[in-house]
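Colleague: So the mapping is simple: the numbering used here equals the position in the sequence shown, first residue as 1, plus 111. Glycine included, C-beta positions come from ideal geometry on N, C-alpha and C. Treat the numbers as computed from the prediction; the structure is a model and nothing was measured.
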Amino acid sequence: MSATAGQAADGVRSLADRFGIEPGMVVMEMGYDDDVDADLRDALTDRCGDLVDEDTDEVVDAVLVWYRDGDGDLFELLVDALGPLADAGVVWLLTPKAGRDGHVEPSEVAESAQTAGLQQTSTVNAGRDWSGARLVLRRGSKGKK
């Protein structure tokens with residue numbers, strides 16, 4: 112058995128590990144549709160339990176935002192994601208990979224995140240069709256939600 116919780120016996124990190132999701136975390140999901148990556152959702156729910164929707168009254172540890180070009184204003188969506196987010200929480204912005212329907216240019220992600228008071232710290236391969244950008248509150252942005 113691997114020494115790190117959630118890792119496969121061969122040491123390969125699971126999707127939940129790559130997203131930093133731990134048991135007991137509350138994860139909110141926004142932008143769900145029939146095109147989301149089921150394997151990613153299954154990995155996250157196996158780790159932390161059911162995902163809550165954007166109508167939750169809970170403080171959340173992470174927000175999973177599925178966003179495609181044409182889904183509306185990305186800045187507004189990110190601001191909405193910040194509402195229930197814990198101070199040390201993270202927003203995972205999931206967008207279709209280049210060449211897929213609904214692809215979002217990285218420059219749009221960067222501009223919208225910065226305007227919302229967020230900064231991108233990393234990206235992950237979030238499945239066959241999706242990329243994930245890890246967004247956190249910029250220093251000094253706390254309380255400016």
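Provide the residue span of the beta strand (DSSP E) that contains Leu-246, from first to last.
Modeller: If you look at Leu-246, you'll find it in the beta strand (DSSP E) that goes 241-248.
Colleague: Smallest Cα separation from Gly-238: which of Pro-195, Leu-188, Ala-209, Thr-226?
Modeller: Residue Ala-209 is the option with its Cα nearest to Gly-238.
Colleague: Hey, quick one: how far does the alpha helix (DSSP H) through Glu-219 stretch, first residue to last?
Modeller: 217-226
Colleague: Would Val-215 and Thr-232 be called neighbours here (beta carbons separated by less than 9 angstroms)?
Modeller: no
Colleague: Identify, in the order they occur along the chain, each residue of the same chain with its Cβ nearer than 7 angstroms to the Cβ of Arg-250, setting aside the five sequence neighbours on each side.
Modeller: If we look at Arg-250 and ignore the five residues flanking it on each side, it has no Cβ neighbours.
Colleague: To the nearest angstrom, how far is it from the Cα of Phe-130 to the Cα of Trp-203?
Modeller: 8 angstroms
Colleague: Classify Ala-173 as helix, strand or coil using the three-state DSSP reduction.
Modeller: Reduced to three states, the DSSP call for Ala-173 is strand.
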